[in-house]
Each structure stands twice: as C-alpha cells, then as structure tokens.
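Peer 1: Shown below is the structure under consideration.
There are 2 protein chains.
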Amino acid sequence: MNSTLQFIGEIHSPLKSLDQCPLQENEQAPGAELEIFAAFSKGIRDIKPGSEILLLTWLHQADRSVVECVPRREYDSPAVGVFSTRSPDRPNPIGVHKVKVVSSDNNLIRVEALEVLDKTPIVDIKPVWNE
Amino acid sequence: MNSTLQFIGEIHSPLKSLDQCPLQENEQAPGAELEIFAAFSKGIRDIKPGSEILLLTWLHQADRSVVECVPRREYDSPAVGVFSTRSPDRPNPIGVHKVKVVSSDNNLIRVEALEVLDKTPIVDIKPVWNE
Chain Y
149 MNSTLQFIGE IHSPLKSLDQ CPLQENEQAP GAELEIFAAF SKGIRDIKPG
199 SEILLLTWLH QADRSVVECV PRREYDSPAV GVFSTRSPDR PNPIGVHKVK
249 VVSSDNNLIR VEALEVLDKT PIVDIKPVWN E
Chain R
149 MNSTLQFIGE IHSPLKSLDQ CPLQENEQAP GAELEIFAAF SKGIRDIKPG
199 SEILLLTWLH QADRSVVECV PRREYDSPAV GVFSTRSPDR PNPIGVHKVK
249 VVSSDNNLIR VEALEVLDKT PIVDIKPVWN E
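Chains Y and R, in that order, are what the protein sequence lines are. Letter 40 of the first sequence, counting from 1, is numbered 188 in the working numbering, and no numbers are missing. Letter 73 of the second sequence, counting from 1, is numbered 221 in the working numbering, and no numbers are missing.
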C-alpha cells in the first residue's frame with residue numbers, strides 16, 4: 149500500500165511562526181479553525197460541538213533526521229531518544245492533539261486551545277478513547 | 149516537505165489476520181513485540197519498562213477511499229462520517245494505541261495487549277500526555 153499521506157485539510161491559526169508557539173496546549177495556546185477539503189468533508193458530519201477529538205497533524209516545518217534530541221529550553225541536559233519526547237523534530241512528524249470542538253459546520257471545525265502553526269496540514273481526526 | 153512516511157519498525161504479533169482481531173485493546177488482545185529498525189534504534193533508548201507509550205502504526209491492510217462507514221458488527225446502522233469513528237478504513241490509516249511497556253532492550257520493545265496485525269509498520273512512538 150502507498151505510504152504517502154493525503155492531507156484531509158489545513159489548520160488556520162493566529163500562530164504564524166515557531167517562536168510564537170507555547171510549549172504545550174495548556175500554556176495559553178489560541179483557538180484555531182480546521183478547514184476540511186471538499187473530498188473529505190462528509191467524514192466530519194457527525195462531529196458534535198462540545199466533544200473532544202483526537203487531531204493528527206503533519207508538522208511540516210520539522211527536521212525528519214532527528215533520532216536523539218535535547219529537551220526544548222533545557223540546552224544543558226543530555227540528549228535523549230526522540231521517541232521519549234514530543235519534539236516535532238522526528239522521523240515522522242505527526243502531531244497528536246486532544247482538542248475540544250467549539251462548533252462544526254459543513255467543512256469547518258472550530259476548536260479551543262491548539263498549539264499548531266497556521267497552514268499545518270491535517271492528517272486525521274478520531275474520537276478520543278475512553279480511559 | 150516530503151509527506152511519505154518512513155517506517156521506523158514493525159510489529160510482531162500472534163494476530164495474523166483481521167478476523168482474529170478483537171474490536172478494542174481491552175477485549176483480550178495479546179501482547180506484541182515492536183522491532184525498531186537499526187537506523188532508529190537510538191531513539192528508543194530512554195523508554196522504560198512499566199511506562200505507557202503512545203504507539204502510532206500504519207494499518208497497511210486498510211481501504212483508504214472510505215469517508216463514511218457503518219460501525220463494525222452493526223450492519224443495520226446508518227453510515228457515519230469516518231472521522232467520528234476509529235475504523236481502520238480511512239484516508240490515512242494511522243492507528244493510535246496507548247500501550248504498556250513490559251521490557252525494552254536495544255531494538256526491541258515488548259508491550260502488553262495490542263490490537264494490531266503481525267507485520268504492521270510502526271510510524272512513531274511518543275510519551276502518553278498528562279491528563
């Protein structure tokens with residue numbers, strides 16, 4: 149099977165560059181809009197306002213050659229294996245974000261706090277699993 | 149940026165075909181072994197036994213043309229948008245699994261209950277976020 153991603157949409161966010169990004173969703177990230185491309189918009193018709201979704205993105209500015217890294221803003225720390233971190237720089241830079249839906253209408257989903265750059269491609273949306 | 153996935157490893161599981169798969173991890177799925185390819189094995193060196201990890205897989209037998217679907221084993225139900233389901237058949241069939249690490253050694257991670265077919269490619273491993 150072909151292992152090239154087909155993007156289903158794109159993020160619209162006030163975050164325009166990496167230096168504007170908070171470290172995690174809970175550090176005052178702004179809300180964002182998920183634009184779903186026409187070919188996939190039927191796929192979001194049952195997403196309800198107030199629900200939580202798991203959003204998968206393609207962190208398109210990442211460095212895919214990274215296997216070990218130093219935690220962000222801890223430059224004196226020893227390097228750690230990248231798969232023990234949430235660094236965007238990794239072999240397959242897929243972001244996994246748990247976000248709350250504010251509204252959903254046709255091909256647009258508006259969500260609360262999301263730490264993702266403007267124009268980031270959307271890979272998938274899933275329900276949040278039960279704990 | 150190139151949007152083709154580079155697989156970092158492969159699952160070894162006693163589940164050899166889809167009809168052997170339980171519906172969710174909590175339905176008696178067997179343990180599995182994650183083999184990490186040599187180019188990426190340094191990336192797992194800090195993964196600790198007893199910890200939980202978020203495992204991303206490429207569900208290589210999926211149908212990528214699906215935008216709406218009928219829930220599995222509920223064939224009389226109306227179709228729903230695929231992004232409200234965890235169906236493996238979806239435009240980008242990335243599995244997201246929360247699994248517990250039994251042991252980690254060089255390029256092998258052994259995990260508890262995992263509902264994934266033998267030979268499924270591994271896309272990424274991340275820490276489980278704090279709730």
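Beta carbons are placed, not taken as given, at the ideal position from N, Cα and C, and that holds for glycine.
For Asp-237(Y), which of helix, strand or coil comes out of DSSP?
Peer 2: It is coil, neither helix nor strand.
Peer 1: State buried or exposed for Trp-206(Y), treating a residue as buried only when at least 16 other CB atoms are found within 10 Å of its CB.
Peer 2: Flag for Trp-206(Y) reads buried.
Peer 1: What number of angstroms, rounded off, separates the C-alpha of Ala-261(R) from the C-alpha of Ile-273(Y)?
Peer 2: So the two alpha carbons sit approximately 24 Å from each other.
Peer 1: I need the boundaries of the beta strand (DSSP E) containing Ile-156(R), first residue and last residue.
Peer 2: Note, Ile-156(R): premise wrong, no beta strand (DSSP E); not H, not E.
Peer 1: Under 8 Å between the Cβ atoms of Asp-237(R) and Val-214(R)?
Peer 2: Taking 8 Å as the Cβ cut-off, Asp-237(R) and Val-214(R) qualify as a contacting pair.
Peer 1: Mind the definition here: the stretch 192-202 of chain Y touches the stretch 221-233 of chain R only if three or more C-beta pairs lie below 8 Å; say whether that holds.
Peer 2: Yes: the two stretches touch, three or more of their Cβ pairs being nearer than 8 Å.
Peer 1: Residues of chain Y with CB closer than 9 Å to the CB of Glu-181(R), please, in chain order.
Peer 2: Here the premise fails: no neighbours, minimum Cβ distance about 16 Å.
Peer 1: Taking the straight line between their C-alpha atoms, what separation do you get for Gly-157(Y) and Cys-217(Y)?
Peer 2: For Gly-157(Y) and Cys-217(Y), the distance between alpha carbons rounds to 30 Å.
Peer 1: State the DSSP-derived secondary structure class of Val-230(R), mapped to helix, strand or coil.
Peer 2: Correct three-state label for Val-230(R): helix.
Peer 1: Rounded to whole angstroms, how far is the Cβ of Ala-186(Y) from the Cβ of Asn-240(Y), which I believe are closer than 8 Å?
Peer 2: Wrong, their Cβ atoms sit about 27 Å apart, outside the cutoff.
Peer 1: If you draw a straight line from the alpha carbon of Leu-182(R) to that of Leu-166(R), how long is it in whole angstroms?
Peer 2: Taking the straight line joining both Cα atoms gives about 19 Å.
Peer 1: Is the beta carbon of Ile-257(R) less than 8 Å from the beta carbon of Val-249(R)?
Peer 2: Closer than 8 Å, so yes.
Peer 1: State the Cα-Cα distance for the pair Phe-155(Y) and Asp-211(R), rounded to the nearest angstrom.
Peer 2: Phe-155(Y) and Asp-211(R): Cα-Cα distance of roughly 16 Å.
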